[in-house]
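*Asks:*
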Amino acid sequence: KNQVEQSPQSLIILEGKNCTLQCNYTVSPFSNLRWYKQDTGRGPVSLTIMTFSENTKSNGRYTATLDADTKQSSLHITASQLSDSASYICVVSASTGFQKLVFGTGTRLLVSP
Amino acid sequence: GAVVSQHPSRVICKSGTSVKIECRSLDFQATTMFWYRQFPKQSLMLMATSNEGSKATYEQGVEKDKFLINHASLTLSTLTVTSAHPEDSSFYICSARSDRNTEAFFGQGTRLTVV
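So the protein sequences, as listed, match chains A and B.
To get the working numbering, take the position in the first sequence, counting from 1, and add 20.
To get the working numbering, take the position in the second sequence, counting from 1, and add 1274.
#1: Under a Cβ-count criterion, where at least 16 other Cβ atoms within 10 Å of its own Cβ denotes burial, should A/Gln-23 be classed as buried or exposed?
#2: Considering A/Asp-87, what are the terminal residues of the beta strand (DSSP E) in which it resides?
#3: Got a sec: is the Cβ-Cβ distance from A/Thr-125 to anything in chain B below 8 Å?
#4: Please list the residues of the stretch 63-86 of chain A that have a C-beta atom closer than 9 Å to any C-beta atom in chain B, keeping them in chain order.
#5: In chain order, what residues of the same chain have a beta carbon less than 7 Å from the beta carbon of A/Ser-105, not counting five sequence neighbours either side?
#6: With 8 Å as the threshold, decide whether the Cβ of A/Gly-36 is near any Cβ in chain D.
#7: Using the C-alpha atoms, what's the distance from A/Asn-44 back to A/Pro-28?
#8: Can you pull the chain A neighbours of B/Glu-1377, defined as C-beta to C-beta under 7 Å?
#9: Examine the Cβ distances between the stretch 53-65 of chain A and the stretch 1289-1306 of chain B and report whether three or more of them are shorter than 8 Å.
#10: Would you grab the beta carbon distance between A/Ala-99 and A/Ser-51 for me? Rounded to a whole angstrom, and I think it's under 8 Å.
#11: Judging by CA-CA distance, which residue of A/Arg-54, A/Asp-89 and A/Asp-59 is the nearest neighbour of A/Lys-77?
#12: Specify the secondary structure class of B/Glu-1326 as computed by DSSP and reduced to three states.
#13: What does the Cβ neighbour count give for A/Thr-71, buried or exposed, with the cut at 16 atoms within 10 Å?
#14: Bridge partners for A/Gln-26 per DSSP, in chain order?
#15: B/Gly-1327 CB to nearest chain A CB: under 8 Å?
#16: Does B/Ile-1367 have its Cβ less than 8 Å from a Cβ in chain A?
#17: Rounded C-beta distance between B/Gly-1381 and B/Ser-1369? I'm assuming under 8 Å.
#18: Excluding sequence positions up to five away, which residues of its chain have a Cβ less than 6 Å from the Cβ of A/Thr-83?
#19: Give, in chain order, every residue of the stretch 1279-1302 of chain B whose Cβ lies closer than 9 Å to some Cβ of chain A.
#20: Grouping DSSP H, G and I as helix and E and B as strand, with all else coil, what is B/Glu-1361?
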């Protein structure tokens, strides 16, 4: 069964600190992995997208890694800001006809002052 | 990235009435649009996939007669929740892509409350 699991479920960090979110998946065949940021009451916004051959990608203070052998990904946030408070969703795309997306349940991050 | 706009952002309706949610791709032609539902603290659940000019493909367990999807043009898809009940209260999100090899972009979502 195609699944995407994220940890931790929720996380509280102090402003300015770094944090790392984890994503494990069992989606097969694998096409790509995306990290999204979803603010409360808003739609998801793409942070990074990685294909099988890519093992790291950065977008400002966000750095995503991918280990396709162990089927794990991480999202590292550097020098956190209050505006980073949101849910972070790992989404894996299966290389089927419509590239079906499998969503993780997300990590709820709260950055406190 | 490309812009996908949903309207309305919030709607409250009475039980038994119907509600229409619009999803528009503002700067690209969306051959495929997806409709999701998200309950509090849960992930997005795909409801249906629609291709322009074709009937929508619904996920298992989603009633096609209750959730009517129309994708009549390359820039607009609508989701109509018919005979809404309180249990239909949820956050509905659409996404759109131009073709199967491109990324899909999400709308800002619609909060539906049925009273």
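Yeah, the Cβ is synthetic: ideal placement off N, Cα and C, and Gly gets one too.
*Replies:* If we stick to the structure as given:
#1: exposed
#2: 82-87
#3: yes
#4: Gly-63, Pro-64, Val-65, Ser-66 and Ile-69
#5: Leu-129, Leu-130 and Val-131
#6: In the displayed structure, chain D is absent; the protein chains listed are A and B.
#7: 11 Å
#8: Ser-66 and Ile-69
#9: no
#10: With a Cβ gap of about 32 Å, A/Ala-99 and A/Ser-51 do not count as contacting.
#11: A/Arg-54
#12: coil
#13: exposed
#14: A/Cys-43
#15: no
#16: yes
#17: 7 Å
#18: His-96
#19: Gln-1280, Ser-1283 and Arg-1284
#20: helix
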